[in-house]
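Those protein sequences? They're chains Y and G, same order as listed.
Numbered according to the working numbering, the first sequence spans residues 50 to 397.
Numbered according to the working numbering, the second sequence spans residues 108 to 594.
Only one structure is covered here, and it is reproduced in the block below.
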Amino acid sequence: MGLFILRRFGVMLLTALCLTFVVFFLTNLYPNLEKLAKTQGNQRMSDEQVEAWLDNRGYLQPTLVKYGQWLGVMPGFQKTLDDGQFVGTCTRPGSTAEDTARYCGVLQGDWGYSTVFKDEVGTIVGKRLGNTGYLMFWVLVLMVPSALIVGVLAGMREGSALDRSLSTFSIITTATPEYVSGVIFIAIFTSSTVGLKWFKGTATQAMENPTFENFFLPVLTIALYGMGYIARMTRASMTEVMTAQYIRTARLKGVSFPNIVMKHALRNALIAPFTVIMLQFPWLLNGVVIVETLFNYKGFGWALVQAAGNNDIQLLLAISVVSVFVVLITQLISDIGYVYLNPRIRIS
Amino acid sequence: MEPLTWTGSIAFLNPLLMIALAVLILSILIWTIASIFLPEEQIIVNSDGSVSSSGGVRGLIQLVLNYSFLASVGLAVAYLVLGVLMGTSAGIVGAISQQFMPVWVALIIMFAMSIAFKRRLGLYGKLYDSPIGMIGFGLVMFWVFTGIFGALDLIVTHDPLVQISGMKNKVPGTPLPNLEDGQYAWYLLGGDNLARDVFSRMIKGAWVVVQIAPLATMFAFMVGITLGLPAGYYGGRLDTFLSFLANLILAFPVILLFYLLVTPEIVATGVPNYMAAVLFVFPILFIGVLLNSRYYTRPNFRTPLLIGVLGVAIWLYLSLISTDGYIINTEAYRIWGLPTYLDLFDIPGGILVVFVSVVFVNSPTVFRIVRGLALDIKTRDYVAAAQTRGEGPWYIMLWEILPNARGPLIVDFCLRIGYTTILLGTLGFFGLGLPPESPDWGSTINEGRKLLSIYLHPALPPAFALLSLVLGLNLLADGLREESLKD
Numbered sequence: 050m051g052l053f054i055l056r057r058f059g060v061m062l063l064t065a066l067c068l069t070f071v072v073f074f075l076t077n078l079y080p081n082l083e084k085l086a087k088t089q090g091n092q093r094m095s096d097e098q099v100e101a102w103l104d105n106r107g108y109l110q111p112t113l114v115k116y117g118q119w120l121g122v123m124p125g126f127q128k129t130l131d132d133g134q135f136v137g138t139c140t141r142p143g144s145t146a147e148d149t150a151r152y153c154g155v156l157q158g159d160w161g162y163s164t165v166f167k168d169e170v171g172t173i174v175g176k177r178l179g180n181t182g183y184l185m186f187w188v189l190v191l192m193v194p195s196a197l198i199v200g201v202l203a204g205m206r207e208g209s210a211l212d213r214s215l216s217t218f219s220i221i222t223t224a225t226p227e228y229v230s231g232v233i234f235i236a237i238f239t240s241s242t243v244g245l246k247w248f249k250g251t252a253t254q255a256m257e258n259p260t261f262e263n264f265f266l267p268v269l270t271i272a273l274y275g276m277g278y279i280a281r282m283t284r285a286s287m288t289e290v291m292t293a294q295y296i297r298t299a300r301l302k303g304v305s306f307p308n309i310v311m312k313h314a315l316r317n318a319l320i321a322p323f324t325v326i327m328l329q330f331p332w333l334l335n336g337v338v339i340v341e342t343l344f345n346y347k348g349f350g351w352a353l354v355q356a357a358g359n360n361d362i363q364l365l366l367a368i369s370v371v372s373v374f375v376v377l378i379t380q381l382i383s384d385i386g387y388v389y390l391n392p393r394i395r396i397s
Numbered sequence: 108m109e110p111l112t113w114t115g116s117i118a119f120l121n122p123l124l125m126i127a128l129a130v131l132i133l134s135i136l137i138w139t140i141a142s143i144f145l146p147e148e149q150i151i152v153n154s155d156g157s158v159s160s161s162g163g164v165r166g167l168i169q170l171v172l173n174y175s176f177l178a179s180v181g182l183a184v185a186y187l188v189l190g191v192l193m194g195t196s197a198g199i200v201g202a203i204s205q206q207f208m209p210v211w212v213a214l215i216i217m218f219a220m221s222i223a224f225k226r227r228l229g230l231y232g233k234l235y236d237s238p239i240g241m242i243g244f245g246l247v248m249f250w251v252f253t254g255i256f257g258a259l260d261l262i263v264t265h266d267p268l269v270q271i272s273g274m275k276n277k278v279p280g281t282p283l284p285n286l287e288d289g290q291y292a293w294y295l296l297g298g299d300n301l302a303r304d305v306f307s308r309m310i311k312g313a314w315v316v317v318q319i320a321p322l323a324t325m326f327a328f329m330v331g332i333t334l335g336l337p338a339g340y341y342g343g344r345l346d347t348f349l350s351f352l353a354n355l356i357l358a359f360p361v362i363l364l365f366y367l368l369v370t371p372e373i374v375a376t377g378v379p380n381y382m383a384a385v386l387f388v389f390p391i392l393f394i395g396v397l398l399n400s401r402y403y404t405r406p407n408f409r410t411p412l413l414i415g416v417l418g419v420a421i422w423l424y425l426s427l428i429s430t431d432g433y434i435i436n437t438e439a440y441r442i443w444g445l446p447t448y449l450d451l452f453d454i455p456g457g458i459l460v461v462f463v464s465v466v467f468v469n470s471p472t473v474f475r476i477v478r479g480l481a482l483d484i485k486t487r488d489y490v491a492a493a494q495t496r497g498e499g500p501w502y503i504m505l506w507e508i509l510p511n512a513r514g515p516l517i518v519d520f521c522l523r524i525g526y527t528t529i530l531l532g533t534l535g536f537f538g539l540g541l542p543p544e545s546p547d548w549g550s551t552i553n554e555g556r557k558l559l560s561i562y563l564h565p566a567l568p569p570a571f572a573l574l575s576l577v578l579g580l581n582l583l584a585d586g587l588r589e590e591s592l593k594d
């Protein structure tokens with residue numbers, strides 16, 4: 050088991066390295082750099098000025114060198130401009146040659162400086178992740194129990210009225226992406242045309258002061274889309290368990306139906322959904338981006354959109370590292386959890 | 108011109124529909140809850156050997172449910188039929204159903220023909236045995252026909268890009284202020300914030316999806332199958348490497364990938380063209396290997412067949428990837444492609460990048476599914492028999508394993524078209540790739556959401572259109588799964 054986890058960590062690091070390099074390569078293509086120079090410097094710079102601006106700030110070094118600098122295995126780029134301004138990869142506005150470190154990369158714990166937010170990337174990502182973590186927590190609190198209940202209720206009597214209604218419900222939720230359900234919810238529950246006005250259409254205030262009124266709709270929107278899938282998987286696993294021999298034996302012994310479901314079937318039926326819930330995280334991440342944009346909740350997804358829209362290279366890299374690790378760690382947990390929950394695999 | 112109401116002179120049907128719907132919803136709720144508490148129907152064996160079951164409360168609820176369902180469907184059909192006959196005098200509903208006339212005709216013809224010949228149509232015919240599959244297929248074909256006829260300008264009432272002054276954010280059914288000759292007199296579903304017709308934009312949006320989604324999914328399947336079969340069949344290093352690559356792409360959050368790939372800056376560097384050039388090779392490889400592995404024992408037949416098929420495929424491939432005589436045309440350098448006089452069609456850079464990135468995102472998942480199926484099927488006896496016969500590995504993969512994996516693959520194909528539709532909507536929602544005035548559903552939803560608290564009508568029609576298409580695809584996949592399991 051230890052070796053397995055160690056190997057998985059190795060693969061994870063390799064994946065993260067490859068992915069950050071891809072992101073690095075794509076964000077460092079010349080047209081993207083040109084856009085960056087124009088937004089940071091001056092919109093009306095000529096081509097020569099753009100090139101000089103980029104060259105002075107070390108953006109025109111070979112991609113591998115720049116990647117090494119970002120990782121922290123190469124000394125950072127430094128230059129004093131003609132007007133005495135000191136620039137480089139490790140510098141912050143106002144810093145001088147003396148108080149700038151030679152190496153500043155991920156290995157040194159320095160995630161860089163965001164060109165959009167004018168702040169340390171580490172602090173931005175931490176703060177935004179906090180907001181999103183709060184959102185995700187409530188999404189999981191709403192989504193997982195309701196999905197499991199729907200799935201178990203639907204799967205315990207295959208083909209019954211309950212099964213058909215709940216299955217239809219879960220198919221509808223999987224067919225409704227967040228930007229559709231969010232728009233429909235906003236239209237029904239917040240607009241002055243329909244007049245219900247039960248909730249707020251934006252979650253901007255939810256960052257400081259989350260209440261049921263301004264926070265429920267974003268949570269519901271993300272939870273619904275993920276719920277249908279988990280519910281269908283739970284239903285499939287439950288129907289499979291309910292046709293197993295030991296359930297028939299229990300029925301023939303005269304165990305009551307609620308007892309069969311609760312004591313005999315449920316535990317075995319929940320092994321498969323556990324993996325599914327864990328693998329659902331990458332999708333939740335997508336949902337988070339859409340919902341945070343739709344409800345204007347300034348979290349991780351919102352930061353991603355801002356960073357990508359403005360070609361903020363270092364912020365984008367940090368964001369992709371975080372999201373890659375979220376995806377890979379959830380995969381790892383799902384693998385380990387599957388082995389742990391399923392004695393048949395653990396023993397053999 | 109008078110503004111149109113929703114139902115016009117057939118408003119007498121509204122209370123009936125309301126009652127029918129209320130009874131339907133109520134009976135569904137009672138039916139669902141009652142199924143938990145009420146005892147199962149008892150089956151009694153009579154003395155003459157026949158069986159009868161007691162109706163009881165359960166039967167009664169079922170009966171109410173059936174009748175209220177029939178009544179609701181009947182009333183909905185009545186709205187549509189009366190609408191087709193009466194047109195605008197039946198209000199917005201009537202006008203819309205009249206506009207959809209060609210779609211109704213096409214749907215009726217298709218369903219009538221298919222049901223008449225369903226025993227000879229294989230899996231497709233069996234679809235008509237499952238109500239769920241039929242509903243799903245109906246929804247999907249509704250949007251497919253809408254897309255096709257919309258592209259032929261049969262359904263749309265106005266040009267989706269033309270702005271008519273005075274129509275900004277107007278509610279559904281508003282008449283045009285200055286009616287010109289040959290112009291449709293109303294905005295059936297109102298105007299958006301740039302005074303364009305919401306109804307026509309929704310119809311044109313269907314064409315964007317119908318054009319891109321199935322084709323992109325097909326390409327993703329070609330890539331996934333061509334790589335997944337050998338990975339599963341051979342295993343070993345190849346499998347490890349390809350699986351690592353697939354996991355790499357899957358670990359990317361889709362939206363980050365879209366934001367990195369689908370920007371005008373990236374289009375300018377030519378990266379999408381390279382990706383297109385690589386990804387679109389796979390269908391050619393697939394077809395070539397497919398035919399060669401089957402017919403290589405008959406060279407006299409094989410060689411002309413391959414030359415013909417591959418010739419056409421390569422021609423299509425080259426005209427697909429080359430634009431204006433170049434494969435890659437950036438400021439720094441250019442690579443020559445097919446000359447313009449041989450170029451069959453040009454794809455604008457914006458569409459190409461959307462297409463390529465959707466294929467790119469979908470193919471790793473297909474790869475994983477195909478690999479899993481190949482791992483499972485390669486242990487079967489018929490594969491061993493083929494190996495003993497001395498068949499080549501590619502023959503076994505493509506003609507023994509692949510046909511036996513078709514069930515799950517067809518089901519996944521339907522689901523994946525739905526997922527691709529959602530992805531296209533996501534791209535439009537973030538304003539990536541497609542031009543800003545494009546009528547696709549994602550962009551329209553994104554534009555409409557900004558004024559959502561005051562005006563509902565610009566955002567809701569495309570939202571419901573997308574919802575119903577994806578729902579139809581999911582139901583179709585469910586129906587197909589059910590029917591293919593019956594074999």
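Cβ atoms here follow ideal geometry from the backbone N, Cα and C, with glycine treated the same way.
With contacts defined by Cβ atoms closer than 8 Å, Gly154 (chain Y) and Val122 (chain Y) form a contacting pair. Ranked by Cα distance from Ser195 (chain Y), the options Y:Gly107, Y:Val354, Y:Asp96, Y:Gly277 are led by Y:Gly277. If you look at Lys277 (chain G), you'll find it isn't in any alpha helix (DSSP H); DSSP assigns it neither H nor E. If you check each beta-carbon in the stretch 79-91 of chain Y against every beta-carbon of chain G, the ones closer than 8 Å belong to Tyr79, Pro80, Asn81, Glu83, Lys84. Within a 10 Å sphere around the beta-carbon of Val325 (chain Y) sit 16 or more other beta-carbons, which makes this residue buried. Using a Cβ-Cβ cut-off of 8 Å, Pro226 (chain Y) is close to Ile529, Gly532, Thr533, Leu573, Val577 of chain G, given in chain order. As DSSP reads the structure, Glu169 (chain Y) sits in a beta bridge with Y:Tyr162. When the beta-carbon positions are compared, Leu301 (chain G) and Thr242 (chain Y) stay at least 8 Å from each other. Counting only Cβ-Cβ distances below 7 Å, Asn335 (chain Y) has contacts in chain G at Pro360, Val361, Ile362, in chain order. Restricted to the stretch 112-150 of chain Y, the alpha helix (DSSP H) segments that are unbroken, complete and at least 4 residues in length are 112-120, listed in chain order. Residue contact with chain G for Pro331 (chain Y): present (Cβ-Cβ distance below 8 Å to some residue of chain G).
Within 10 angstroms of the beta-carbon of Asp304 (chain G) lie 16 or more other beta-carbons, which makes it buried.
With contacts defined as CB atoms closer than 8 Å, Phe393 (chain G) and Thr324 (chain G) fail to qualify as a contacting pair. The beta carbon of Phe536 (chain G) falls within 8 Å of a beta carbon belonging to chain Y, placing the residue at that interface. DSSP places Val158 (chain G) in the strand class (E or B) of the three-state scheme.
Linking Gln494 (chain G) to Glu289 (chain Y) through their CA atoms gives a straight-line distance of about 34 Å.
DSSP, reduced to helix, strand and coil, places Thr430 (chain G) within a strand of the structure shown. Contact check for Leu368 (chain G) and Val460 (chain G): beta-carbon distance about 7 Å, within the 8 Å limit, so the pair qualifies. Beta-bridge analysis with DSSP links Tyr341 (chain G) to no other residue.
Of all alpha-carbon atoms in G:Lys593, G:Asn553, G:Leu582, G:Arg588, the one lying nearest the alpha-carbon of Ile233 (chain Y) is that of G:Asn553. A direct Cα-Cα distance of roughly 11 Å separates Gly51 (chain Y) from Phe58 (chain Y). Under the Cβ criterion of 8 Å, Ile132 (chain G) is not counted among the residues facing chain Y. Contact annotation, Tyr448 (chain G) with Ile442 (chain G): C-beta distance approximately 18 Å; criterion of less than 8 Å not satisfied. A check of alpha carbon separations from Thr222 (chain Y) across Y:Gln92, Y:Leu269, Y:Phe344 identifies Y:Leu269 as the nearest. Below the 7 Å Cβ cutoff, chain G contributes no neighbours of Ser195 (chain Y), its closest Cβ being approximately 16 Å away. A distance below 8 Å between beta-carbons, with the five flanking residues on each side excluded, links Ile373 (chain G) to the following residues of its chain, in chain order: Leu367, Pro379, Val460. Shown here for Leu366 (chain Y): same chain residues with a beta carbon closer than 7 Å to its own, the five before and five after excluded, namely Thr69, Val72, Phe73, Trp119 in chain order. Its Cα nearest to that of Leu427 (chain G), the residue G:Phe462 stands out among G:Gln169, G:Leu397, G:Phe462, G:Phe348. In this structure Val191 (chain G) is in contact with Ser204 (chain G), their Cβ atoms being roughly 5 Å apart against a cut-off of 8 Å. Apart from the 5 residues on each side of it in sequence, Tyr340 (chain G) sits with its Cβ closer than 6 Å to the Cβ of Ala481, Lys485, Met504 in its chain, given in chain order. For Asp585 (chain G), the nearest beta carbon of chain Y is closer than 8 Å to its own beta carbon.
By DSSP's assignment, Val152 (chain G) forms a beta bridge with G:Val158. Residue-level contact by beta carbon fails for Gly194 (chain G) and chain Y, as no gap is shorter than 8 Å.
Burial state of Val337 (chain Y) is buried, judged by a 10 Å Cβ sphere holding 16 or more other Cβ atoms. Assignment of Tyr440 (chain G) by DSSP, reduced to helix, strand and coil, places it in the coil class.
Classified as exposed, Ile132 (chain G) has fewer than 16 neighbouring CB atoms from the shown chains inside 10 Å of its CB.
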